[in-house]
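In the numbering used here, the protein residues as written are 32 to 146.
Where a beta carbon is used, it is the ideal one built from N, C-alpha and C, also for glycine.
Reviewing the structure listed below.
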Amino acid sequence: MQRFKSKRLFASILIILVLFNLFLIFVLKFIGVTLGITIIVVVSIGYLIITQISRNQEFKREKLTMAMVKTKKINSYKIENKKKKNLERKYWKPEFIRNSIIFKKDIQIKTNNNS
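Shown next as structure tokens:
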């Protein structure tokens, strides 16, 4: 969609430039200005317009890439935090405490005292 709009814009700019050139040729010929000056003026205006459009497109691309890099960093940070939280939860589960050596020794001592 974006490419289609930019091509359409480019085509409309070229049509406007051609019409402007024809207008300048006919009007300025009567005044006495030569054809070469009109062509130079039209080409320079067209060049300025086209370079401005390309600069805007490059700026938009840069913004997009920066946004993508930012989201990748945020997503990787979120994933790392999830891994850390999962590890913390794993070691604070009741099963881990029950399976720990200290807790087993306490149970053995209690069972030995009872018997």
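| said: Less than 8 Å between the beta carbons of isoleucine 80 and isoleucine 44, yes or no? | reply: Taking the sequence shown and counting its residues from 1, the one referred to as residue 80 is at position 49. Taking the sequence shown and counting its residues from 1, the one referred to as residue 44 is at position 13. Yes.
| request: Return yes when the Cβ of threonine 69 is within less than 8 Å of the Cβ of leucine 50, no when it is not. | output: Taking the sequence shown and counting its residues from 1, the one referred to as residue 50 is at position 19. Taking the sequence shown and counting its residues from 1, the one referred to as residue 69 is at position 38. Not closer than 8 Å, so no.
| request: Would you mind stating whether leucine 48 and valine 72 have Cβ atoms separated by less than 8 Å? | output: For the purposes of this step, residue 48 is taken as the residue at position 17 of the sequence shown. For the purposes of this step, residue 72 is taken as the residue at position 41 of the sequence shown. In this structure, valine 72 does not lie closer than 8 Å to leucine 48 by Cβ.
| field | Spatial distance of isoleucine 76 from isoleucine 105 (CA atoms) | value | Reading the sequence shown from its first residue, position 45 is the one you call residue 76. Reading the sequence shown from its first residue, position 74 is the one you call residue 105. Rounded to the nearest angstrom, the two C-alpha atoms are 44 Å apart.
| request: Identify, in the order they occur along the chain, each residue of the same chain with its Cβ nearer than 8 Å to the Cβ of serine 37, setting aside the five sequence neighbours on each side. | output: For the purposes of this step, residue 37 is taken as the residue at position 6 of the sequence shown. Within the same chain, serine 37 has close Cβ partners Ile84, Gln88.
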